[in-house]
Amino acid sequence: LKVVSGHDEL
Amino acid sequence: MNIFRLAGDMTHLLSIVVLLLKIRTTKSCAGISLKTQELYVIVFITRYLDLFTRYVSFYNTAMKLVFIGTSVAIVWYMRLHKVVKQTYSRDEDTFKHYLLIPPCFILALLIPLEFTVTEILWSFSIYLEAVAILPQLLLLQRSSNIDNLTGSYVFLLGAYRALYIVNWVYRFFTETHKIRWIPWISGLVQTALYADFFYYYIKSWKNHEKLRLPA
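Line by line, the protein sequences are chains A and B.
Every letter in the first sequence is one number past the one before it in the numbering used here, and letter 10, counting from 1, is 10.
Every letter in the second sequence is one number past the one before it in the numbering used here, and letter 92, counting from 1, is 102.
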């Protein structure tokens, strides 16, 4: 499991 | 991009179209919270600062510009348009919205993904969006006469958040189990705030009655 940001969403 | 995310974005876009349609055709913003709309301007501007630093897709860039532009336009109509501004439900729109900003900012300082200006502002915008609907929900509770377009606007806005949750569940299982805590938890809170509204909206729709929210 990897924590990522959600910058690809609006 | 999956079908749920697209449906969520389109619902969000449609909610804005419905709101602008109400304002432009009826020349009225009665029942619409200026406080909520101002918070959305802050949300979109702080979140989409990455327009200058990060390119995801033409779709994302276009949508970001549309969200910033329409939110500014709505506030412009409500504050400055000589006919529309007179219909603003000023006396009922009393939520102290500026009080929401410092806690969201402190939370963003405490829990950003990375300690950089754009990440902190991005987290801030996610937290602020989660609670930005509160002045609007309070105004609806106080309105004795909620027109159909206003009801539809808030319903579509809530539906957009609910669809994003389905999108996240879908992404979790299709994209090698990536975790996005900040938008997930904020999104759940945001959607939960609509629960009461959804209940009365669907009830009034089923019974063919006018929408009313108990205070």
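Backbone N, C-alpha and C define an ideal beta-carbon position, used for all residues, glycine too.
Quick caveat, the model's predicted, so the values are computed rather than measured.
Status (buried if at least 16 other CB within 10 Å, exposed otherwise) for residue i
{"i": "E139 (chain B)", "result": "buried"}
{"i": "K32 (chain B)", "result": "buried"}
{"i": "S67 (chain B)", "result": "exposed"}
{"i": "E48 (chain B)", "result": "buried"}
Where the alpha helix (DSSP H) containing residue i begins and where it ends
{"i": "P112 (chain B)", "result": "111 to 120"}
{"i": "T46 (chain B)", "result": "44 to 57"}
{"i": "S81 (chain B)", "result": "68 to 90"}
{"i": "L31 (chain B)", "result": "13 to 36"}
{"i": "I136 (chain B)", "result": "127 to 141"}
Short CB-CB distance (under 8 Å) between residue i and chain A
{"i": "I143 (chain B)", "result": "no"}
{"i": "L123 (chain B)", "result": "yes"}
{"i": "V66 (chain B)", "result": "yes"}
{"i": "I189 (chain B)", "result": "yes"}
{"i": "R171 (chain B)", "result": "no"}
{"i": "R15 (chain B)", "result": "yes"}
{"i": "I192 (chain B)", "result": "yes"}
{"i": "M73 (chain B)", "result": "yes"}
{"i": "N70 (chain B)", "result": "yes"}
{"i": "W86 (chain B)", "result": "no"}
{"i": "D60 (chain B)", "result": "yes"}
Next on the checklist: List, from N- to C-terminal side, the alpha helix (DSSP H) runs of 4 residues or more that fit wholly inside the stretch 179 to 224 of chain B.
Outcome noted: 191 to 203, 205 to 216
Next on the checklist: Under 8 Å: do the stretch 165 to 183 of chain B and the stretch 70 to 90 of chain B share three or more Cβ pairs, one atom per stretch?
Outcome noted: no
Checklist entry - Okay, do the stretch 195 to 215 of chain B and the stretch 54 to 62 of chain B touch, 3+ Cβ pairs below 8 Å being the bar? => result no
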